[in-house]
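Chains as they are written, first to last, in our numbering: chain F, 12 to 118; chain S, 163 to 526.
Here is the structure:
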């Protein structure tokens, strides 16, 4: 039987397909929730990270220590990598701090 | 003793007077014109221009040493005649930088670059076109420097070319607005430069160079792996194509609003369809260049919805295309015209970058 593409899903699918459709809908809903959790902070303000092209354009116009580096990181306790952007000066400060800590421990 | 010394001076006095007279006579005998011919005015403007032209000619002939001498003198004369912050200095400094770069004089080139940028900051009365011409010249200079066989730091100059392109985009956005069609050629050139950088990434050890500081130290800690750099380059290319699409679409709409008649609506639809197909073609090219053949096929089939796009060549040897075009006729003919220069490589350290792409980036 041919179905019209505009018909609602239960009308054109068998019962097993309906179940699969509900599972799919649930997965999609969960996915949307996860994504929105990543991009919305508690105040409701949508936080979006700059694209690679925006970062490159920004980096071209600032001093080296003001540049931003973005990369995908997998945080501790998760298997889902996420994109993290940091200022070069922060990276340098952090690595300097870690070097000093290491020196202190090894002393 | 005193007496004899006085007598001596009394005796030599007539001789001194006679010598002075002879000198005066000789001077008066020489005409002012003859004196001028012997010692021309070293500071006249015509001389500075002549030195500039001689320098340019020597640069074109490949006599880099003579070019540098003439151009250096021209800069000094312009400085004296026109002032320390004069725009007249720009042309000879630009030529001098080309001569120094081709001669492989990297420290001297850095000094000239420093002075050039210092001077540019002090020159206020320039037009947008003049600024864009300066940016394009600098981008070409950096590109040629990156390909120079004796360059100890080619990625540094390639990064400078990319940075110049991004800065120019920011400058046009600030001056004309973020949706202005003047951005289009610079956006597409950005894509070509991104491709060149991706070829450099293929060479081990150079991937992270763009995160190098302007000093001599590498940023410790966070440097990207080659795979990450490749993914980033791919993403930047797609973003540039997205921006080209947004601006072109808005531009076509704006033209229709200005025309405001029934025929123009039909024409706009046709142009929008053509734009959509062309963008799909370019996205397919970009995917093919990053070895994503499935992505390329999907985009090419999107482009093929317009029959006229079937005949546009898509072989990897033609990619990336030298310029952004939406007309399938022009796209086909331009791609085929590049066929003769397909095998002509630009530089040994940039495998897969043909001279055709560089010519497109350096053309005015």
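For every residue, glycine included, the Cβ atom is placed at its ideal position computed from N, Cα and C.
CB-CB length for residue i against residue j, believed under 8 Å
| i | j | result |
| --- | --- | --- |
| residue 458 of chain S | residue 446 of chain S | 5 Å |
| residue 361 of chain S | residue 512 of chain S | 5 Å |
| residue 66 of chain F | residue 79 of chain F | 5 Å |
| residue 209 of chain S | residue 239 of chain S | 6 Å |
| residue 494 of chain S | residue 465 of chain S | Not confirmed; about 12 Å, so no contact. |
| residue 83 of chain F | residue 93 of chain F | 7 Å |
| residue 64 of chain F | residue 398 of chain S | 5 Å |
| residue 330 of chain S | residue 308 of chain S | About 18 Å; that fails the 8 Å criterion. |
| residue 281 of chain S | residue 251 of chain S | 6 Å |
| residue 410 of chain S | residue 437 of chain S | 5 Å |
| residue 468 of chain S | residue 435 of chain S | 6 Å |
| residue 527 of chain S | residue 345 of chain S | What is shown of chain S runs 163 to 526, which leaves residue 527 of chain S out entirely. |
| residue 359 of chain S | residue 320 of chain S | 6 Å |
| residue 403 of chain S | residue 448 of chain S | 7 Å |
| residue 412 of chain S | residue 341 of chain S | 5 Å |
Residue i - partner residues in DSSP beta bridges
| i | result |
| --- | --- |
| residue 277 of chain S | BP columns for residue 277 of chain S are empty, so no partner. |
| residue 95 of chain F | F:82 |
| residue 432 of chain S | DSSP, once it has assigned bridges, lists no residue as partnering residue 432 of chain S. |
| residue 516 of chain S | S:507 |
Close-in-space but distant-in-sequence residues of the same chain around residue i (CB under 8 Å, 5 per side omitted)
| i | result |
| --- | --- |
| residue 418 of chain S | 426, 427, 429, 430 |
| residue 496 of chain S | 483, 484, 485, 487 |
| residue 498 of chain S | 475 |
| residue 549 of chain S | The structure shown has nothing for residue 549 of chain S, since chain S only spans 163 to 526. |
| residue 77 of chain F | 98, 99, 100 |
| residue 462 of chain S | 442, 443, 446, 476 |
| residue 285 of chain S | 247, 249, 252 |
| residue 337 of chain S | 290 |
| residue 61 of chain F | 69, 79, 81, 96 |
| residue 491 of chain S | 470 |
| residue 277 of chain S | 255 |
| residue 86 of chain F | 93 |
| residue 515 of chain S | 357, 358, 361, 507, 508, 509 |
| residue 299 of chain S | 256 |
Amino acids of chain F, ordered along the chain, whose beta-carbon sits closer than 7 Å to that of residue i
| i | result |
| --- | --- |
| residue 398 of chain S | 63, 64, 67 |
| residue 325 of chain S | 71 |
Beta-carbon neighbours of residue i, restricted to chain S and to distances below 8 Å
| i | result |
| --- | --- |
| residue 72 of chain F | 328, 329, 332 |
Same chain, Cβ closer than 6 Å to residue i, neighbours up to 5 away in sequence not counted
| i | result |
| --- | --- |
| residue 233 of chain S | 217, 254, 257, 258 |
| residue 142 of chain S | Any answer about residue 142 of chain S is impossible in this case: the structure gives chain S only from 163 up to 526. |
| residue 524 of chain S | 302 |
| residue 112 of chain F | none |
| residue 268 of chain S | none |
| residue 440 of chain S | 488 |
Residues that residue i contacts on chain F, provided the C-beta gap is smaller than 9 Å
| i | result |
| --- | --- |
| residue 394 of chain S | 63, 66, 67, 81, 82 |
| residue 353 of chain S | By Cβ distance, chain F contributes nothing, its closest Cβ being about 10 Å from residue 353 of chain S, past 9 Å. |
Interface partners of residue i on chain F, CB under 8 Å
| i | result |
| --- | --- |
| residue 402 of chain S | 64 |
Beta-carbon contacts of residue i that lie in its chain and below 7 Å, excluding the five residues immediately before and after
| i | result |
| --- | --- |
| residue 472 of chain S | 466 |
| residue 327 of chain S | 301, 348, 351, 352, 355 |
| residue 451 of chain S | 357, 481, 482 |
| residue 271 of chain S | 259, 262, 263 |
| residue 221 of chain S | 229, 257, 260, 261 |
| residue 90 of chain F | none |
Chain C within 7 Å of residue i, Cβ atoms only
| i | result |
| --- | --- |
| residue 230 of chain S | Here chain C cannot be found, since the structure's protein chains are F and S. |
### Query
Taking the runs of the alpha helix (DSSP H) that are 4 residues or longer, which of them lie wholly in the stretch 258–309 of chain S?
268–284, 290–309
Q. Which runs of the alpha helix (DSSP H), 4 residues or longer, sit entirely within the stretch 216–253 of chain S?
A. 226–244
- Pick out the complete alpha helix (DSSP H) segments inside the stretch 457–502 of chain S, 4 residues or longer, and give them in chain order. Positions of the alpha helix (DSSP H) runs, each at least 4 residues long and wholly inside the stretch 457–502 of chain S, are given as 490–499 in order along the chain.
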